[in-house]
Amino acid sequence: MVQNKNAFMKKDLVGRAVGDSFRKLAPADQVKNPVMFLVYLSAILTAGLFALSLAGVFDDGFVSSGFILAISIILWLTCLFSNFAEAIAEGRGKAQADALRSAKRDVTAHLLADPDDRTRTEDVPGAALKKGDYFLVSAGEQIAADGEVVEGAASVDESAITGESAPVIREAGGDRSAVTGGTTVLSDSLVILVTQESGHSFLDQMIAMVEGANRKKTPNEIALQILLVALSIIFVLVTASLYAYSQFSADQLAVANPTSVVSLTALLICLAPTTIGALLSAIGIAGMSRLNQANVLAMSGRAIEAAGDVDILLLDKTGTITLGNRQAVAFLPMGGCAEEELADAAQLSSLPDETPEGRSIVVLAKEKFGLRGREVSGQHMTFIPFTAQTRMSGVDYDGGEIRKGAADAVRAYVEESGNPYPPQCAKLVDEVARQGGTPLVVAKNHQVLGVIHLKDIIKDGVKEKFADLRTMGIKTIMITGDNPVTAAAIAAEAGVDDFLAEATPEAKLDMIRKFQSEGHLVAMTGDGTNDAPALAQADVAVAMNSGTQAAKEAGNMVDLDSSPTKLIEIVRIGKQLLMTRGSLTTFSIANDIAKYFAIIPALFMGLYPGLSRLNIMGLASPQSAILSALIYNALIIVALIPLALKGVKYREVPAGRLLSHNLLVYGLGGIVVPFAAIKLIDLIVAPLLGLL
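Add 1 to the 1-based position in the sequence shown for the working numbering, that's all there is to it.
Written as C-alpha cells, this is what we have:
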C-alpha cells in the first residue's frame with residue numbers, strides 16, 4: 002500500500018494522466034465540474050467563432066482569426082490542465098489499485114460441510130464461497146475470502162494488504178480473529194467462517210476506494226463548489242452587462258464598439274475562480290491518497306474531512322500512550338521479609354510466564370540480586386497459569402506454594418486459609434496505584450511477602466504530541482480499564498487533558514454522545530466487538546485491521562497497520578486536507594485582482610481612455626494583455642498541481658494563527674505572483690502578436 006511520495010512524477014503515471022486528460026474532455030465528465038464546464042463551453046464557443054471567421058461568416062472587426070484561435074487554444078489547454086490535475090491524482094490511486102489486484106486472484110478453497118470435521122472437505126473456487134460458509138486453509142495457502150477464525154491459530158503474512166513484511170498471529174476468539182482474503186497462512190492451519198459475499202471483500206473495497214470509484218464529494222467540498230458556481234453565475238451576468246453597457250456607450254459616442262465577444266469571453270474566464278475549480282477534485286483525491294499511503298483505508302471522504310475538524314480525541318492507554326508492556330521496576334517487601342526473599346519468590350512464580358510483565362520480573366530479580374533462572378525439570382514443580390477467574394498465577398513445589406496476582410485476589414487467597422491480610426500491604430498497593438503503577442501482591446504459603454511494582458512505560462514524545470494537539474484546540478482523553486487513581490497518575494505523566502477510568506462499552510458510548518450533544522466532533526480507535534457501539538457513534542472511527550469484523554464494520558476507517566497511534570496521524574492528514582483547500586482557495590481568489598488590472602483596462606480603454614491609468618503593469622497592448630492573463634490563468638493550474646497533491650505544510654498552530662499565516666502567504670502571494678508573471682508573459686507575447 003505504501004507508495005513513493007513523489008509517485009505523481011513517475012513517467013508511467015504522467016503518461017497515463019495525459020491520456021486520461023483527453024478522455025475527460027467528454028461532456029459527461031466536464032459537466033461534473035461546473036466551473037470548468039464554463040471554460041469548456043467557452044472553448045467550444047471560441048473554436049466555433051474561429052471556424053466561422055475563416056469561412057467569412059463571423060467578423061468581429063477588432064480581432065483577427067489568429068487571435069481568436071489563440072484564445073481558443075488557451076481555453077482548451079486550461080480544460081486539459083484541469084483534467085490532468087484530477088487524472089494525476091487518480092493515477093496514484095490506480096497504481097495502488099493495480100498493486101492490490103496483483104494480490105487478488107481466485108484460489109481454491111477447502112470448503113467444510115461440517116466445521117468440526119476437518120477431514121471432510123470439498124475443493125471449490127474461492128469466488129464460490131458464500132457468507133456463512135466454513136473453509137480450511139493450511140500453511141502455504143492463500144486465504145480465499147474475508148472471515149473470522151473459528152478454530153486454530155496460525156502465523157499469517159498480510160504484506161499484500163498492509164505492506165508490512167512481518168507476519169502476524171491470527172487465532173480463534175479474542176480481538177485478533179479477523180482474516181483478510183488475499184493474505185497467506187505461513188504456519189499451522191485455520192478454520193475460517195466467511196463474513197463477506199464474493200465481490201464485497203475488504204480487498205475489493207480497498208481497490209474501489211484507492212481508485213476513487215467510490216469517492217463522493219464531502220459536505221465542505223460541495224459547499225465550496227456551490228460558492229464557486231454562484232460566483233461564476235454572477236460573473237456571467239456581469240460580463241453580459243458589460244457588453245450591453247459598452248454597446249450603449251459606443252452608441253452614445255457614435256463609434257464602433259471595440260469590446261468583442263471573444264475578448265469578453267476571455268474576461269469571463271479570468272474572472273471565474275478557475276484555479277481552485279480546476280484543483281478542487283485533485284485536492285480531495287490527493288487527501289485520500291495520503292491516507293492510503295499511511296496504510297489507512299477511509300470508507301468515505303467525509304471521514305477524512307471530519308478528521309480535520311475533530312476537537313476531541315479518545316485514545317486507548319495501552320499501545321497508544323503506553324508501550325503496552327508493563328515492566329517490573331521495584332520489589333516492595335513488608336514485615337520481616339527481605340527484598341531478596343520477595344524477589345526470589347516472585348522470580349520463581351514467573352519462570353513459566355511468557356508475558357512481558359512476567360519476563361520483566363525475572364530480569365529485575367536477576368539484575369538486582371543475581372538470581373538466575375532455575376532448572377525446573379525434575380523438581381516436582383507445578384506451575385499455576387493466570388486465569389481471568391482467579392486473577393493469580395504461581396507455582397506449587399515440594400513443601401510450599403507461591404501465588405502472585407491482583408491485590409483483592411491474593412487477599413481472598415490469604416484469608417481463605419485463616420491468615421490475616423496485613424494493612425501495610427493495602428497501603429503499599431494504594432501507594433503504587435497513586436504513582437500510576439500496577440501492584441502485584443506476592444504470597445508464599447498463604448503469607449503475604451510484599452508487592453511488585455509494575456510500571457506502564459509512557460512512549461517517548463507522546464507528551465509533546467499532546468501539547469501540540471492542545472495548541473491546535475484538540476482535547477485528548479485517555480481511555481483505560483485501570484482504577485481512577487492509577488489512571489489519574491498515568492494521565493498526568495502523559496500530559497492528556499482528561500481520562501475515563503474503568504471504561505466499559507457503555508461508558509465510552511455515553512461519553513461520545515455527551516461530547517457530540519455539546520457540539521464537538523469526536524474521534525476514537527478500537528479493535529474489539531465491545532468497541533463497536535462507540536465506533537459506530539464516533540464522527541471519526543478508526544478500526545484496527547487486526548480487530549474483529551464487528552469493529553471494522555462499525556468504523557469509517559480501517560488502519561491496516563493496526564497501530565493505535567495512527568489516529569493522531571489521521572487527524573493531521575485531515576487538517577492538512579482542509580488547510581490545502583483553504584490555502585489554494587485564498588490564492589485563487591487573490592489571483593483575480595491582478596487579472597482585473599490586466600484585462601479590464603485592455604477591454605475598455607477604447608471607450609474610456611482614462612482607464613489606461615489602471616494599466617499599472619504597463620502591458621504592451623489590449624490583445625497582449627488579454628492573452629497574457631489567459632496564459633497565466635492556464636499555467637498557474639499546472640504550477641499548483643504538486644502543491645495540491647502533496648498538500649501545504651502541516652502546522653500545529655491555533656486556527657486563528659493559521660488563518661493569519663494563510664492570508665499572508667497565499668493571499669498576499671496570490672496578489673503579487675500574477676502581477677509579476679503576467680508582465681513576464683506579456684514581454685514574450687507582445688512581439689509574437691504580429692504573427693496572429
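Glycine residues also receive a C-beta, built at the ideal position from the N, C-alpha and C atoms.
Since the structure is predicted, the reported quantities are computational estimates derived from the model, not experimental observations.
Asked: Candidates I632, V673, N296 and L579: which alpha carbon is nearest L225's?; Found: L579
Asked: R404 bridges to which residues according to DSSP?; Found: G395 and A444
Asked: Which same chain residues end up closer than 6 Å to A331 when comparing Cβ atoms and leaving out the 5 residues on each side of it in sequence?; Found: H454
Asked: Would a C-beta distance cut-off of 8 Å place L615 and F588 closer than the cut-off?; Found: no
Asked: Around the Cβ of E91, are there at least 16 other Cβ atoms within 10 angstroms (buried) or fewer (exposed)?; Found: buried
Asked: Could you compute how far the alpha carbon of N215 sits from the alpha carbon of G302?; Found: With a pLDDT of only 48 at N215, under 50, the local geometry of the prediction cannot be trusted, and no value is derived from it.
Asked: Under a three-way DSSP split, which group does V108 fall into?; Found: coil
Asked: Tell me whether Y135 sits in a helix, a strand or coil according to DSSP, three-state version.; Found: strand
Asked: In angstroms, rounded to a whole number, what distance separates the CA positions of V666 and D593?; Found: 16 Å
Asked: So, T530 versus L568, is the Cβ gap smaller than 8 Å?; Found: no
Asked: Which residue wins for smallest C-alpha separation from S247, given the options G482, P259 and G153?; Found: P259
Asked: Within 10 angstroms of its Cβ, does P643 collect 16 or more other Cβ (buried), or is it exposed?; Found: exposed
Asked: Using 10 angstroms around the beta-carbon of D134, count the other beta-carbons present and answer buried if the total reaches 16, otherwise exposed.; Found: buried
Asked: Is V686 buried or exposed, if buried means 16 or more other CB atoms sit within 10 Å of its CB?; Found: buried
Asked: What's the C-alpha gap between K400 and T319?; Found: For clarity, residue 400 is Gly in the given sequence; the question names Lys instead. So the two alpha carbons sit approximately 39 Å from each other.
Asked: Could you round the C-beta distance between V36 and V230 to whole angstroms and report it? I think they count as a contact, below 8 Å.; Found: 7 Å
Asked: Quick check on E87: buried or exposed, where buried means 16 or more other Cβ atoms within 10 Å of its Cβ?; Found: buried
Asked: Rounded to whole angstroms, what is the Cα-Cα separation between A96 and I638?; Found: 23 Å
Asked: From Y398 to S351, what does the alpha carbon distance come to, in whole angstroms?; Found: 14 Å
Asked: Figure out for me which residue from A287, L689 and R652 has the closest Cα to the Cα of R93.; Found: A287
Asked: Might you give, ordered along the chain, the residues of its own chain that have their beta carbon closer than 7 Å to the beta carbon of P675, omitting 5 neighbours on each side?; Found: N592, A595, K596 and Y633
Asked: Taking F51 as the reference, give the member of Y422, D21, I403 and V263 with the closest Cα.; Found: V263
Asked: Could you give the first and the last residue of the continuous beta strand (DSSP E) run that contains M545?; Found: V541 to M545
Asked: Given a threshold of 16 other Cβ atoms within 10 Å of its Cβ, counted over all protein chains shown, does F249 qualify as buried or as exposed?; Found: exposed
Asked: What are the boundary residues of the alpha helix (DSSP H) that S202 is part of?; Found: Taken as a continuous stretch (DSSP letters only), S202 belongs to no alpha helix (DSSP H), as it is neither H nor E.
Asked: Can you name, in chain order, every residue of its own chain whose Cβ lies under 7 Å from the Cβ of S378, other than the five neighbours on each side?; Found: In this prediction, S378 scores a pLDDT of 47, lower than 50, which makes its location untrustworthy; the coordinate-derived value is nonetheless stated afterwards. Nothing listed; no residue qualifies.
Asked: Less than 8 Å between the CB atoms is what I'm expecting for F516 and V497, so what's the real figure, rounded?; Found: F516 to V497, Cβ: 15 Å. No contact.
Asked: Which same chain residues, not among the five before or five after E570, have their C-beta less than 7 Å away from its C-beta?; Found: A295
Asked: Is DSSP giving L690 helix, strand or coil here?; Found: helix
Asked: Is DSSP giving T589 helix, strand or coil here?; Found: Note that residue 589 is Ser in the sequence shown, not Thr. Of the three classes helix, strand and coil, the one that applies to S589 here is helix, per DSSP.
Asked: Taking the alpha carbon of D716 as the point to measure from, which residue in T566, S629 and C80 has its own alpha carbon closest?; Found: As shown, the chain starts at 2 and ends at 693. That puts residue 716 outside it, with no answer to give.
Asked: Which first and last residues belong to the beta strand (DSSP E) in which L315 is found?; Found: I313 to D317
Asked: Among L636, P424 and A551, which residue has its Cα nearest to the Cα of I682?; Found: L636
Asked: Restricting to runs no shorter than 4 residues, where is the alpha helix (DSSP H) found entirely within the segment 331-378?; Found: 340-351 and 357-370
Asked: My output table needs one value for V452: the three-state DSSP class, helix, strand or coil.; Found: strand
Asked: For the candidate residues A304, E341 and E494, whose alpha-carbon lies nearest to that of T323?; Found: E494
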